[in-house]
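Report on the structure given below.
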Amino acid sequence: MEALRFEYPRGIRFRCLRCALCCMDAVSRERRILLLEAEARRISEATSLGIGEFALEVEDESPFRYLMRKEDGRCVFLRDNLCSIYEFRPIICRFYPFKLERISGRGLRFSYTEECPGIGRGPRLRRIYFEGLLNHLEENLMKAPGNDRSQI
27 MEALRFEYPR GIRFRCLRCA LCCMDAVSRE RRILLLEAEA RRISEATSLG
77 IGEFALEVED ESPFRYLMRK EDGRCVFLRD NLCSIYEFRP IICRFYPFKL
127 ERISGRGLRF SYTEECPGIG RGPRLRRIYF EGLLNHLEEN LMKAPGNDRS
177 QI
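Every number in the working numbering is 26 more than the matching position in the sequence shown, counting from 1.
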């Protein structure tokens, strides 16, 4: 299988400061945590909750199928500023503070938000870090019937 072509921010430094900013709404934006089918099922199995108890079904968000519920603008799984489903957290949470965009004719591009206080701290991220994110996305995307690589 051909490797996905992608660009990433070279020389970027990042270290998660565990501030939970990524898990809640802010004055300047509403946080939308979209879930793939496989992610919702995995969270449901891990928590013994029905998918409808923590997520809403969405349309026109392919390849995503659900939107994580919030309580008072905070992810329903945020407890004492820590993720209670960290091991099973969705790809959108794994990607933060980065996001993936399709660039016409050039493949994919990772960009980032400067709202995250961890940007500019920690080690310089190398290509292998971003390859790992793409691999995780592809593995989870392919678990749902009818999905394929073109949806990345």
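Just so you know, even glycine gets a beta-carbon here, dropped at the ideal spot from N, CA and C.
With distances taken from CA atoms, which of the options is nearest residue i?
| i | options | result |
| --- | --- | --- |
| residue 58 | 151, 119, 158, 113 | 119 |
| residue 48 | 157, 100, 110, 135 | 100 |
| residue 35 | 161, 127, 165 | 127 |
| residue 113 | 80, 96, 72, 133 | 72 |
| residue 88 | 70, 61, 152 | 61 |
| residue 116 | 68, 55, 30 | 68 |
| residue 76 | 94, 90, 160 | 94 |
| residue 97 | 121, 86, 50, 163 | 50 |
Would you mind reading off the limits of the beta strand (DSSP E) that contains residue i?
| i | result |
| --- | --- |
| residue 133 | 133-138 |
| residue 81 | 81-83 |
| residue 90 | Taken as a continuous stretch (DSSP letters only), residue 90 belongs to no beta strand (DSSP E), as it is neither H nor E. |
| residue 56 | Element bounds for residue 56: n/a, residue is neither H nor E. |
| residue 69 | Residue 69 -> not in any beta strand (DSSP E); alpha helix (DSSP H) instead, spanning 63-73. |
| residue 38 | It is not in any beta strand (DSSP E) - residue 38 carries neither H nor E in the DSSP assignment. |
| residue 148 | 145-150 |
With 16 as the cutoff for other CB atoms within 10 Å, does residue i come out buried or exposed?
| i | result |
| --- | --- |
| residue 15 | Nothing about residue 15 can be reported from this structure: the residues present for the chain run from 27 to 178 only. |
| residue 166 | buried |
| residue 83 | exposed |
| residue 149 | exposed |
| residue 111 | buried |
| residue 52 | exposed |
| residue 79 | exposed |
| residue 65 | buried |
Taking only three categories from DSSP, how would you classify residue i?
| i | result |
| --- | --- |
| residue 100 | strand |
| residue 129 | strand |
Could you tell me the boundaries of the alpha helix (DSSP H) in which residue i lies?
| i | result |
| --- | --- |
| residue 158 | 153-167 |
| residue 118 | 117-121 |
Cβ contact check for the region 132-151 and the region 36-45: 3 or more pairs under 8 Å: yes
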